[in-house]
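Engineer: The structure under discussion is supplied below as structure tokens; questions concerning it will follow.
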Amino acid sequence: MSSTTDHALDPQTNETGTEVATAWFGNERVAEAEKARRVHDVFAKVASRYDLMNDFMSGGLHRLWKSSLIDTLNPRPGMHLLDVAGGTGDIAFRFLKGAKGEGHVTILDINDHMLAVGRDRAEKQGLVGRIDWTCGDAQSLPLPDRTVDAYSIAFGIRNVTKIPLALAEAHRVLKFGGRFLCLEFCPHLAVPFFDRLYARYSDAVIPRLGGLVAKDEPSYRYLVESIRRFPAPETFAQMMRDAGFETVTHRLMSGGVCALHSGWKL
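Under the working numbering, think of the first position of the sequence shown as 450, with each following residue one higher.
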């Protein structure tokens, strides 16, 4: 299976003869503007059961991966984190706990349904006032230059239409000495035999789980396809360097199911 990134597509010609920029929505090629709308619809449908489905799909491992991201970040009091595509609050809550409640988080998510879930969870945990909730686009962040200490995005960047643009925006809003951390699935496992088993599990089980738990099999079929379309870790690392990040590294987790990518603005 190949891994094709969205930004590498050539334009298509529509019925009027006009060239239209396109992107991959799973395995379907669509207009760039159409992809953004469809991604929004996917997460609007699954928002209320998103974290529950993550538990089912990963056997709870997503919690360890997210905790590893926070351990790598090593939150300190007074740190300002921008967490992108983090509407349900999973990363933000862990960060505030690590910062002893003295840090601050700006959560940005393109989907207001996901943000609503996160706000409800934050209120139940007594975290109102420590988190800013912003509905916005990773490709056009509503923040001034050099305003945040760290930027995190967990399992969200593969849904962005133009990944290089999102990386450039991440670099722009980070202060000098700031850190970028991205947790994302890998298109293939590091071990060939398990790669085939994992592919079968992804194709046969995850969409069915989505149908049973989230009542939405097509959305989870898209999520599986979007993982296959995401660049390999080494390719994504080069994309980070192209955006201006330095000391770029990545660490494979759980046999290469996902990778934690790190880069610095120096």
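Beta carbons: idealized from backbone N, C-alpha and C, even for Gly.
Note that this is a predicted model, so its numbers are computed, not measured.
Assess contact between the region 660–673 and the region 682–700, defined as three or more Cβ pairs (one per stretch) separated by less than 8 Å. Is contact present?
Structural biologist: Contact fails: fewer than three Cβ-Cβ distances are below 8 Å.
Engineer: Would you tell me roughly how many angstroms separate the C-alpha atoms of HIS710 and VAL697, rounded to the nearest one?
Structural biologist: Taking the straight line joining both Cα atoms gives about 7 Å.
Engineer: What residues in its chain sit with their C-beta under 7 Å from that of LEU545, if we drop five residues either side in the sequence?
Structural biologist: Closer than 7 Å at the Cβ level, and outside the excluded window around LEU545, lie GLY552, VAL554, LEU576 and ARG579.
Engineer: Could you please give me the residues that DSSP links to TRP514 through a beta bridge?
Structural biologist: According to DSSP, TRP514 bridges with nothing at all.
Engineer: Classify VAL689 as helix, strand or coil using the three-state DSSP reduction.
Structural biologist: The displayed chain sequence assigns Met, not Val, to residue 689. Helix, per DSSP.
Engineer: Indicate the three-state DSSP secondary structure (helix, strand or coil) for MET450 in the structure shown.
Structural biologist: With a pLDDT of only 36 at MET450, under the threshold of 50, the placement of this residue in the model should not be trusted, and no figure is reported.
Engineer: Assuming PHE400 contacts ILE676 under a Cβ cut-off of 8 Å, what Cβ separation, rounded to an integer in Å, is found between them?
Structural biologist: Because the chain is modelled from 450 through 715, residue 400 falls outside the range shown and cannot be assessed.
Engineer: So, does the region 510–523 touch the region 485–496, judging by three or more C-beta pairs under 8 Å?
Structural biologist: The region 510–523 vs the region 485–496: no contact.
Engineer: Could you check where the beta strand (DSSP E) with SER711 kicks off and where it finishes?
Structural biologist: Segment 707–713, the beta strand (DSSP E) holding SER711.
Engineer: Is GLY704 helix, strand or coil by DSSP?
Structural biologist: Residue state, collapsed to three classes: helix.
Engineer: Could you check which residue in ARG621, ILE602, LEU715 and MET502 has the C-alpha nearest to that of ALA708?
Structural biologist: Among ARG621, ILE602, LEU715 and MET502, the Cα nearest to that of ALA708 is on ILE602.
Engineer: Quick check on the DSSP output: the beta strand (DSSP E) that includes ILE556 runs from which residue to which?
Structural biologist: Unbroken beta strand (DSSP E) run through ILE556: 553–558.
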